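The sequence shown begins at 760 in this note's numbering and counts up by one. Beta carbons: idealized from backbone N, C-alpha and C, even for Gly. All of these numbers come straight from a predicted model, not from anything done at the bench. Some notes on the structure that comes next.
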Amino acid sequence: MNDVYVLLNHKLADKEWKWDQSLFSDDKMEVMMKEYRRYLNDETKTAQGIWWSEMNKYINSFRGIVGDIATGLGSMFEKLLKTETDFFPIATDVDPNVLGWTSTKMKEKYQKEFISVATDARHFAFKENTFDYLTSLAGLNNIPDTTTVLAELYRVLKKGGKLVMMHSFVEEQSKSFKLAQEFNMSTAFVERFLIEDLNQVGFKKVKANIPSSAFWAENPMDGLPVAGDLQYFAIIEAEK
Ligand SMILES: C[S@@+](CC[C@H](N)C(=O)[O-])C[C@H]1O[C@@H](n2cnc3c(N)ncnc32)[C@H](O)[C@@H]1O
760 MNDVYVLLNH
770 KLADKEWKWD
780 QSLFSDDKME
790 VMMKEYRRYL
800 NDETKTAQGI
810 WWSEMNKYIN
820 SFRGIVGDIA
830 TGLGSMFEKL
840 LKTETDFFPI
850 ATDVDPNVLG
860 WTSTKMKEKY
870 QKEFISVATD
880 ARHFAFKENT
890 FDYLTSLAGL
900 NNIPDTTTVL
910 AELYRVLKKG
920 GKLVMMHSFV
930 EEQSKSFKLA
940 QEFNMSTAFV
950 ERFLIEDLNQ
960 VGFKKVKANI
970 PSSAFWAENP
980 MDGLPVAGDL
990 QYFAIIEAEK
């Protein structure tokens, strides 16, 4: 695979959701992104803008080796490559095809060196004490088995290393929460459950900073949240 280290155990990872490979052309990707943005209401766009401005402050403090979980099409990874701050970024995703696409695009646009590793966040293919920082945009909102993932992230962080991720929550009474339970992602979608999980796997100084919120509009391109539910845009910080 183009510039991607593939460290997947197929028996464990093959059931994970995969990108439709026919999307990986410039024209199709542009159409898909435009369509996705059309479904976002203005209040969500504003709330997400505030969320990103807040996250940029955290990114400027990153140092050492920085891993991005569930890189996908690379909205977060692009921010890591754009910053002048000196650190070494590593893109990761369970789907080697999306990682190949995103890595190629990023290499065309940015000079900063990086590597890409296809690995399942539930069986993360890195040694203990590897990362200074781990980050993600909506990674835990897309990966089942939240507690297993968090335990893996804890394992691979260095002592004193930090998890700093953009993450969204819904209300415990919401339709979105019920749906998340069906996907085995319920603890990731409610603030108090995620904080409990982070503490349970050993993280210290766990904080949720919620700079904005917005009601979610109908969006057939996203399984969650459910239209009409209030979504809270958070930055989660936790230290090993
Ligand atoms: C929509 S993306 C999240 C947005 C992305 N972080 C960004 O910055 O643009 C969700 C990604 O999660 C990945 N994913 C799903 N299950 C996973 C797993 N078990 N381990 C790692 N990545 C996974 C999917 O392949 C997909 O690329």
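If you draw a straight line from the Cα of F948 to the Cα of T878, it is about 23 Å long. For N978, the shortest separation between its Cβ and any heavy atom of ligand 1 does not lie below 7 Å.
Non-local C-beta neighbours of E931 in its own chain, meaning closer than 6 Å and more than five positions away in sequence, comprise V949, ordered along the chain.
Positions of the beta strand (DSSP E) runs, each at least 3 residues long and wholly inside the region 939–993, are given as 963–974 in order along the chain.
One alpha carbon belongs to K868, the other to A973, and they sit about 32 Å apart. With respect to the 8 Å criterion, L893 and L916 are classified as neighbours on the basis of their beta carbons. Between H882 and L957, the C-beta gap is not smaller than 8 Å, which leaves the two residues out of contact.
Ligand 1 has a heavy atom closer than 7 Å to the beta-carbon of N901. Take T803, set aside five residues on each side of it, and the residues of its chain with a beta-carbon closer than 6 Å to its own are A973, in chain order. Fewer than three pairs of CB atoms, one per stretch, sit closer than 8 Å, so the region 784–798 makes no contact with the region 891–910.
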